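Residue numbers (this note's numbering): 5 to 266. Idealized CB from N, CA, C, for every residue including glycine. Remember, predicted model here, so these are calculated numbers, not experimental data.
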């Protein structure tokens, strides 16, 4: 436990030196503000800059608070995930390329402690960034649009964050197995895009998929209850996340042992 904690603190210190504790929350705050502010001022912006004929009336209905927060999740899923992947895609693969991981992975440091420390420090920074961005979205939605039931907001946020955990875990697993940061980024973002598209176009066949969690979070915002087969997708997401951590640790261990004996 002490070894793991030392590694975790090292990762957190490294993130602080790289200012990730500063700029990642700022990015998510901007993303959180963007949706409610844009939704509220869109008619005025179109009237000012839309080059409409003189005397034309433009009436765009104001979306509900739930729709605005659901749109915020969309911003987080696209731009937010992209930013997180770019920030952390080399968390293990860069050290493998430079060979510095060899100096860390000496007894009594285990492969499991090494990967778990990397994984957890990413989740801590991502959760804080998501939380402040989500709170910014909630504040401006309440101020400009309308209020949304508090429990709906909390439950939807937890569901969405599980979606985020899954993709960040996939990224860490790929980083442990590949030296190419471009490959890690591409596969993580491609998986997120494919799962989301399949869950949108064939939802009945993808009820188990982590990609459908965003649909459940939007349903909770709208009605307070998720869609059908909610617990199936939750269970599968948790199981696959745990499997990715275990499998990546085992395969990383096997690859490093093979290299050391060859």
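Would you tell me roughly how many angstroms separate the C-alpha atoms of residue i and residue j, rounded to the nearest one?
| i | j | result |
| --- | --- | --- |
| residue 77 | residue 219 | 10 Å |
| residue 157 | residue 21 | 33 Å |
| residue 215 | residue 41 | 27 Å |
| residue 185 | residue 80 | 21 Å |
| residue 206 | residue 127 | 30 Å |
| residue 197 | residue 236 | 21 Å |
| residue 168 | residue 200 | 12 Å |
| residue 12 | residue 48 | 48 Å |
| residue 177 | residue 141 | 31 Å |
| residue 227 | residue 146 | 17 Å |
| residue 37 | residue 114 | 42 Å |
| residue 238 | residue 124 | 20 Å |
| residue 243 | residue 249 | 10 Å |
Helix, strand or coil: how does DSSP classify residue i here?
| i | result |
| --- | --- |
| residue 173 | helix |
| residue 152 | coil |
| residue 48 | helix |
| residue 114 | coil |
| residue 95 | coil |
| residue 64 | coil |
| residue 182 | coil |
Give me, in chain order, the residues of the same chain whose beta-carbon lies closer than 7 Å to that of residue i; leave out the 5 immediate sequence neighbours on both sides.
| i | result |
| --- | --- |
| residue 91 | 24, 28 |
| residue 89 | 175, 189, 192, 193 |
With a threshold of 8 Å on Cβ separation, who are the neighbours of residue i within its own chain once the five nearest residues in sequence on each side are excluded?
| i | result |
| --- | --- |
| residue 165 | 131, 134 |
Can you list, in chain order, the residues of its chain with a C-beta nearer than 6 Å to that of residue i? Leave out the 5 residues immediately preceding and following it.
| i | result |
| --- | --- |
| residue 282 | In the structure displayed, the chain extends from 5 to 266; residue 282 sits before or after that span and is not available. |
| residue 225 | 70, 73, 74, 156, 160 |
| residue 87 | 31 |
| residue 213 | 199, 203 |
| residue 240 | 212 |
Classify residue i as buried or exposed, calling it buried when 16 or more other Cβ atoms lie within 10 Å of its own Cβ.
| i | result |
| --- | --- |
| residue 171 | buried |
| residue 174 | buried |
| residue 122 | buried |
| residue 95 | buried |
| residue 151 | exposed |
| residue 26 | exposed |
| residue 65 | exposed |
| residue 143 | exposed |
| residue 163 | buried |
Kindly indicate the opening and closing residues of the alpha helix (DSSP H) around residue i.
| i | result |
| --- | --- |
| residue 7 | 6-21 |
| residue 84 | Element bounds for residue 84: n/a, residue is neither H nor E. |
| residue 224 | 217-227 |
| residue 211 | Taken as a continuous stretch (DSSP letters only), residue 211 belongs to no alpha helix (DSSP H), as it is neither H nor E. |
| residue 233 | Taken as a continuous stretch (DSSP letters only), residue 233 belongs to no alpha helix (DSSP H), as it is neither H nor E. |
| residue 191 | 185-205 |
| residue 76 | 69-79 |
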